Amino acid sequence: MSIEERVAQLEARLRAAEDQLEIIGLLNTYGPAVDSGSSDAAAALWTKDGIYDAGGVTRFTPETLVAMYNDTGHQELIHEGSSHLTATPRIEVRGDEAAAVAYSFVVRRRGEEWFLMRAAINHWQLVRTPTGWRIKERFNRVLDGSDGSHAVMKRALQQSTAA
Amino acid sequence: MSIEERVAQLEARLRAAEDQLEIIGLLNTYGPAVDSGSSDAAAALWTKDGIYDAGGVTRFTPETLVAMYNDTGHQELIHEGSSHLTATPRIEVRGDEAAAVAYSFVVRRRGEEWFLMRAAINHWQLVRTPTGWRIKERFNRVLDGSDGSHAVMKRALQQSTAA
Amino acid sequence: MSIEERVAQLEARLRAAEDQLEIIGLLNTYGPAVDSGSSDAAAALWTKDGIYDAGGVTRFTPETLVAMYNDTGHQELIHEGSSHLTATPRIEVRGDEAAAVAYSFVVRRRGEEWFLMRAAINHWQLVRTPTGWRIKERFNRVLDGSDGSHAVMKRALQQSTAA
Chain A
129 MSIEERVAQL
139 EARLRAAEDQ
149 LEIIGLLNTY
159 GPAVDSGSSD
169 AAAALWTKDG
179 IYDAGGVTRF
189 TPETLVAMYN
199 DTGHQELIHE
209 GSSHLTATPR
219 IEVRGDEAAA
229 VAYSFVVRRR
239 GEEWFLMRAA
249 INHWQLVRTP
259 TGWRIKERFN
269 RVLDGSDGSH
279 AVMKRALQQS
289 TAA
Chain B
129 MSIEERVAQL
139 EARLRAAEDQ
149 LEIIGLLNTY
159 GPAVDSGSSD
169 AAAALWTKDG
179 IYDAGGVTRF
189 TPETLVAMYN
199 DTGHQELIHE
209 GSSHLTATPR
219 IEVRGDEAAA
229 VAYSFVVRRR
239 GEEWFLMRAA
249 INHWQLVRTP
259 TGWRIKERFN
269 RVLDGSDGSH
279 AVMKRALQQS
289 TAA
Chain C
129 MSIEERVAQL
139 EARLRAAEDQ
149 LEIIGLLNTY
159 GPAVDSGSSD
169 AAAALWTKDG
179 IYDAGGVTRF
189 TPETLVAMYN
199 DTGHQELIHE
209 GSSHLTATPR
219 IEVRGDEAAA
229 VAYSFVVRRR
239 GEEWFLMRAA
249 INHWQLVRTP
259 TGWRIKERFN
269 RVLDGSDGSH
279 AVMKRALQQS
289 TAA
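Protein chains in written order, with the numbering used here: chain A, 129 to 291; chain B, 129 to 291; chain C, 129 to 291.
Dropping the structure here:
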């Protein structure tokens, strides 16, 4: 391989590594944003037409996410003391798209201790935009032992390894 | 240094960084695999002669791991709702071998909450294979305050920093 | 761009990626060090004039940290069984300085289970030294729902994105 070709290959490989690090940073911005009431900053992690499907009746868009974060339930939670914890993801980058899978937890204060009020599996679809990586879809299912929750994990692992 | 030498150095350094990212991905594939009952996929994270030493009477090989994951105890756990959570590891890559140290937790649903039914420290020995990084040994000890559990942490830190 | 310029750019970008990975490793050395009673190794993660501000009356220096880790309270904790867990950080590298934000948890054994005896948000200021990255300041506030704890998250996110 010529030096020219080796440099081009290094540039492509380095970009893929930087992409992974940027996505790790993006996913770990979510917690401090929602736990501090920075609702707009949290919603801005998604593309404008992005979706957060957490398994309830609503598939949230960035706009409805802001409303949800500003609502009583979320505000009570963050004023009690909370951590929306994203575990380290497994990430696969494919050009300008990426997929990530990781557990997430909602940790809430109760007296002198904290407890896990929610534990879930997540499958993110991400896209590269002119201003960096953004979430296209976050698909989240609570860890209730159901076939549905197991299916999210299986789908995420297959998509990743098939890439 | 000549351009040729600088490019060669970049190639070696980038490979080490990619190795770390790949190992982070490998270790974080374990949870979604075992929690969804994908027993073969979980066992395939090890080399064929790999070992999972979790401190009991059995040092598991990939074959006996599959049997364990398909057994009643594990199946009850994952149908109740569980997360085999691997914390972010500290990784040291040395050519075609690597070591990692991190906590791990088994999170289990109980009614409307989740609790930590196991907390442990892990010391992984990893090897590069033709199909990517694999686990040669996972040495895992429960966090019971014993000298043995502390020794795993000390050994992992020393091995890492000595590299 | 000439090959010379492209190689120089690759060198700078790769160093920033390696910096992130090194900082992830540094922050995840803390837990196994303090949980195994390796007090000196834990304190050595800071610069000599570094500070750990955990919100109490004392702003710890590396010297006073060692004394604290060797004290009765910490020793009882680690002999009961504990994990000082650092969640995956969001990191921003700016030349020879860096900032990181992440949750941290003190997980403690109680009978057959483990519980979260502390949950906090952290904002680290890091510096590159001749022997690698070190902590200049770790600013830590418990997740008690207070404006103060929210302010740490907001400040950390703003500083990061402003870089």
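For each residue, glycine too, the CB sits at the ideal point set by N, CA and C. Quantities reported herein were computed from a predicted structural model and do not represent experimental measurements.
For residue i and chain C, any beta-carbon pair shorter than 8 angstroms?
i: B/Y158; result: no
i: B/D272; result: yes
i: B/H278; result: yes
i: B/L154; result: no
i: A/A145; result: yes
i: B/R141; result: yes
i: B/V229; result: yes
i: A/S210; result: yes
i: A/A169; result: yes
i: A/L138; result: yes
i: B/A290; result: Per-residue confidence for B/A290 stands at a pLDDT of 43, beneath the threshold of 50, marking its modelled position as unreliable; the derived number appears in the next sentence. No, B/A290 does not count as interfacial toward chain C.
Could you check the C-alpha separation between residue i and residue j for me, to the nearest Å?
i: C/Q137; j: A/E139; result: 9 angstroms
i: B/E133; j: A/H212; result: 46 angstroms
i: B/K282; j: B/D275; result: 10 angstroms
i: B/H278; j: A/M129; result: 49 angstroms
i: B/E208; j: C/I131; result: 57 angstroms
i: B/G184; j: B/D199; result: 16 angstroms
i: A/G153; j: A/E146; result: 11 angstroms
i: A/A292; j: C/F267; result: No statement about residue 292 of chain A is possible, as the shown extent of chain A runs from 129 to 291 and does not include it.
i: C/V229; j: A/W261; result: 19 angstroms
i: C/T214; j: B/Q286; result: 20 angstroms
i: B/V255; j: B/A144; result: 13 angstroms
i: C/Y197; j: A/G201; result: 39 angstroms
i: A/L155; j: C/I263; result: 23 angstroms
i: B/R141; j: C/E150; result: 13 angstroms
i: C/G223; j: B/L205; result: 47 angstroms
i: A/I249; j: B/Y231; result: 19 angstroms
i: C/G259; j: A/H251; result: The sequence shown places Thr at residue 259 of chain C, not Gly. For C/T259 and A/H251, the distance between alpha carbons rounds to 39 angstroms.
i: C/V235; j: A/E265; result: 32 angstroms
i: C/T257; j: A/T257; result: 35 angstroms
i: C/F233; j: C/T186; result: 20 angstroms
i: A/Q253; j: C/Q203; result: 44 angstroms
i: C/Q148; j: C/V280; result: 21 angstroms
i: B/T189; j: C/T189; result: 46 angstroms
i: A/S210; j: C/A284; result: 17 angstroms
i: C/V135; j: B/V135; result: 7 angstroms
Find the residues of chain D that neighbour residue i, judging by a C-beta separation of less than 7 angstroms, and give them in chain order.
i: B/I131; result: Absent from the structure is chain D; the protein chains it does hold are A, B and C.
8 angstroms is my cut-off, CB to CB: does residue i come that close to chain B?
i: C/D163; result: yes
i: A/T216; result: yes
i: A/R256; result: no
i: A/F243; result: yes
i: C/I206; result: yes
i: A/Q148; result: yes
i: A/A226; result: no
i: C/V235; result: yes
i: A/A284; result: yes
Pull the bridge partners of residue i from the DSSP assignment, please.
i: A/R187; result: A/D181
So is residue i in contact with chain A if we call contact Cβ pairs under 8 angstroms?
i: B/I151; result: no
i: B/E220; result: no
i: B/S166; result: yes
i: C/A247; result: yes
i: C/M196; result: no
i: C/L193; result: no
i: B/L173; result: no
Run the proximity test for residue i: is its beta-carbon closer than 7 angstroms to any non-hydrogen atom belonging to the ligand ADP?
i: C/Q203; result: This structure lacks the ligand ADP, and indeed carries no ligand of any kind.
**Prompt:** Are the stretch 192 to 200 of chain B and the stretch 162 to 171 of chain B touching, with three or more C-beta to C-beta distances below 8 angstroms?
**Reply:** Output reads yes: the stretch 162 to 171 of chain B touches the stretch 192 to 200 of chain B.
**Request:** For the stretch 206 to 276 of chain A, list the beta strand (DSSP E) runs that are entirely contained and at least 3 residues long, ordered along the chain.
**Result:** Complete beta strand (DSSP E) runs here, min 3: 210 to 214, 218 to 222, 225 to 238, 241 to 257 and 260 to 270.
**Asked** Quick check: the stretch 242 to 250 of chain C against the stretch 235 to 244 of chain A, are there 3 or more CB pairs under 8 angstroms?
**Response** The stretch 242 to 250 of chain C is in contact with the stretch 235 to 244 of chain A.
**Request:** State whether the stretch 230 to 239 of chain A contacts the stretch 173 to 182 of chain A, with contact taken as three or more CB pairs (one from each stretch) at a distance under 8 angstroms.
**Result:** Touching, no.
**Item:** Validate contact between the stretch 148 to 161 of chain C and the stretch 217 to 228 of chain B using beta carbons, cut 8 angstroms, 3 pairs
**Value:** When Cβ pairs closer than 8 angstroms are counted between the two stretches, the stretch 148 to 161 of chain C is seen to touch the stretch 217 to 228 of chain B, the count reaching three or more.
**Request:** Examine the Cβ distances between the stretch 267 to 274 of chain B and the stretch 177 to 189 of chain C and report whether three or more of them are shorter than 8 angstroms.
**Result:** No: the two stretches stay apart, fewer than three of their Cβ pairs being nearer than 8 angstroms.
**Message:** Quick check on the DSSP output: what are the complete alpha helix (DSSP H) runs of length 4 or more inside the stretch 144 to 168 of chain A, in order along the chain?
**Reply:** With a minimum length of 4 residues, the continuous alpha helix (DSSP H) runs that stay inside the stretch 144 to 168 of chain A are 158 to 163.
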